[in-house]
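> Read in order, the letters of the sequence shown are residues 1 to 261 in the working numbering.
All C-beta atoms, glycine included, are put in the ideal place defined by N, C-alpha and C.
What you are looking at is a predicted structure, and each value in this text was computed from that prediction instead of being measured.
Below is the structure I would like to discuss, written out as structure tokens.
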Amino acid sequence: MEVILQPDGQRAAALTAAIVAETVRRKPATVLGLATGRTMEPVYATLVQIHRDEGLDFSRVRAFNLDEYVGLSSDHAYSCRGFLKRHFFDAVNFDVRNIQMPDGMAEDLEAESHRYEAEIAASGGIDLQLLGIGVDGHIGFNEPLSALRSRTRVKALAPQTIGQNAALFGGPLKVPRRGITMGVGTILDSRRCIMLATGESKAEIVARAVEGPIAAMVTASALQLHPRCTVVVDEEAGTRLQAKEYYRWIFENEPEWEAFR
Ligand code: F6R
1 MEVILQPDGQ RAAALTAAIV AETVRRKPAT VLGLATGRTM EPVYATLVQI HRDEGLDFSR
61 VRAFNLDEYV GLSSDHAYSC RGFLKRHFFD AVNFDVRNIQ MPDGMAEDLE AESHRYEAEI
121 AASGGIDLQL LGIGVDGHIG FNEPLSALRS RTRVKALAPQ TIGQNAALFG GPLKVPRRGI
181 TMGVGTILDS RRCIMLATGE SKAEIVARAV EGPIAAMVTA SALQLHPRCT VVVDEEAGTR
241 LQAKEYYRWI FENEPEWEAF R
């Protein structure tokens, strides 16, 4: 795991987008794992800008989203698909045939979970997975106590997650109660992942995920097991980290980061 501290949220998102853009330039048929949520909005906005300015080509990129709410149709504005359509897919040149989402309206959600895992495997696996982190430490909708080897399945949303998304849906009672999500094990199978966290509300959980023990109560802590995981935080989300100077030293000295400094 590597931790990169950036002065503010905009620069943290820009760095994340730069890594995605570089990955797509190097491998035009990249398989991307996507995340939704407020943290990701400036990342997609930056990618859209790069597409407009430099013609970054998404026509061969395959996209798998992490999760979807159960019971929301894909054209619902607050569904994960609706979010990505608005912020990303419609603004760049994705081929719709290359976009995969778990179907939260499927009659048989267990079969849908298996289908999704099989689609990911058939694509050759995820090259780069984008992740946010919930205030309860979730990645995807892998709420506290999710098995660290779990695969795509339905999970009940934790009260904290419902609270986190209440404003978006117009009150906690309107937030769906369940999500269909890639499992922690599915995420750990990606070749590379970037977890982006911004803002003071994420500071405590970021410190627990990065510097605390690996524990099912904080599913993001499982990323410590990932062979190539980069955690990008702004100053606010990084305030509780103990080893900030070490992370800065690595970022300044690792040749890999030369082009991104
Ligand atoms: C979204 C997702 C969630 C969010 C997390 C952070 O697809 O899987 O894990 O990444 O809840 O959400 P925001 O960015 O809104 O704080």
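Do you know offhand how far Y246's Cα is from E110's?
Approximately 44 Å between the Cα atoms of the pair.
> Taking DSSP's pairing of strands, which residues face C229 in a bridge?
BP columns for C229 point to C193.
> Pick out whichever of S146, R115, L128, N253 has its Cα sitting closest to the Cα of S221.
Here the closest residue by C-alpha is S146.
> Would the C-beta of T36 count as close to the ligand F6R, meaning under 7 Å from any of its heavy atoms?
Yes, the beta carbon of T36 sits closer than 7 Å to at least one heavy atom of the ligand F6R.
> What number of angstroms, rounded off, separates the C-alpha of H262 from the C-alpha of D189?
Since the first and last residues shown for the chain are 1 and 261, residue 262 lies out of range.
> CB of G293 to nearest heavy atom of the ligand F6R: below 7 Å?
Residue 293 lies beyond the range of the chain shown here (1 to 261); nothing can be said about it.
> Closest by CA to D234, which one among G212, M195, R97?
Closest option to D234, Cα to Cα, is M195.
> Just checking, does the stretch 63-83 make contact with the stretch 93-108 on the three C-beta pairs under 8 Å criterion?
Yes, they touch.
> Can we count H138 as close to the ligand F6R, meaning its CB is less than 7 Å from some heavy atom?
Yes - the ligand F6R has a heavy atom lying nearer than 7 Å to the Cβ of H138.
> Of the residues A35, F58, G179, D95, which one's Cα is nearest the Cα of S73?
With distances taken between Cα atoms, S73 lies closest to G179.
> Quick one: Cα of L173 to Cα of H87, how far?
Cα to Cα, L173 sits roughly 25 Å from H87.
> Quick check on E68: does DSSP put it in helix, strand or coil?
Residue state, collapsed to three classes: strand.
> Just curious, the beta strand (DSSP E) that V3 is in, first and last residue?
From DSSP, the beta strand (DSSP E) with V3 extends over 2-6.
> When you measure from the CB of G134 to every non-hydrogen atom of the ligand F6R, does any distance come out below 7 Å?
Answer for G134: yes, Cβ within range of the ligand F6R.
> Starting from the C-beta of S59, find all residues in its chain whose C-beta is less than 7 Å away, skip the five residues before and the five after it, and write them out in chain order.
Correct list, in chain order: N93, D95.
> What number of angstroms, rounded off, separates the C-alpha of E258 from the C-alpha of E252?
Taking the straight line from one Cα to the other gives about 8 Å.
> Quick one: is the Cβ of L145 within less than 7 Å of any heavy atom of the ligand F6R?
Incorrect: L145 has no Cβ contact closer than 7 Å to the ligand F6R.
> With DSSP collapsed to three states, give me the class of V218.
In this structure, V218 counts as strand in the three-state DSSP scheme.
> Going by other Cβ atoms of all chains shown within 10 Å of its Cβ, with 16 needed for buried, is L32 buried or exposed?
The residue in question, L32, is buried, as its Cβ has 16 or more Cβ neighbours within 10 Å.
> Compute the minimum distance between the beta carbon of Q129 and the heavy atoms of the ligand F6R, and state whether it is under 7 Å.
For the ligand F6R, not one heavy atom lies less than 7 Å from the Cβ of Q129.
> Got a sec? Which residues, its chain only, sit under 8 Å from E211 by beta carbon, not counting five neighbours each side?
Excluding sequence neighbours, E211 sits near L241, Q242, A243.
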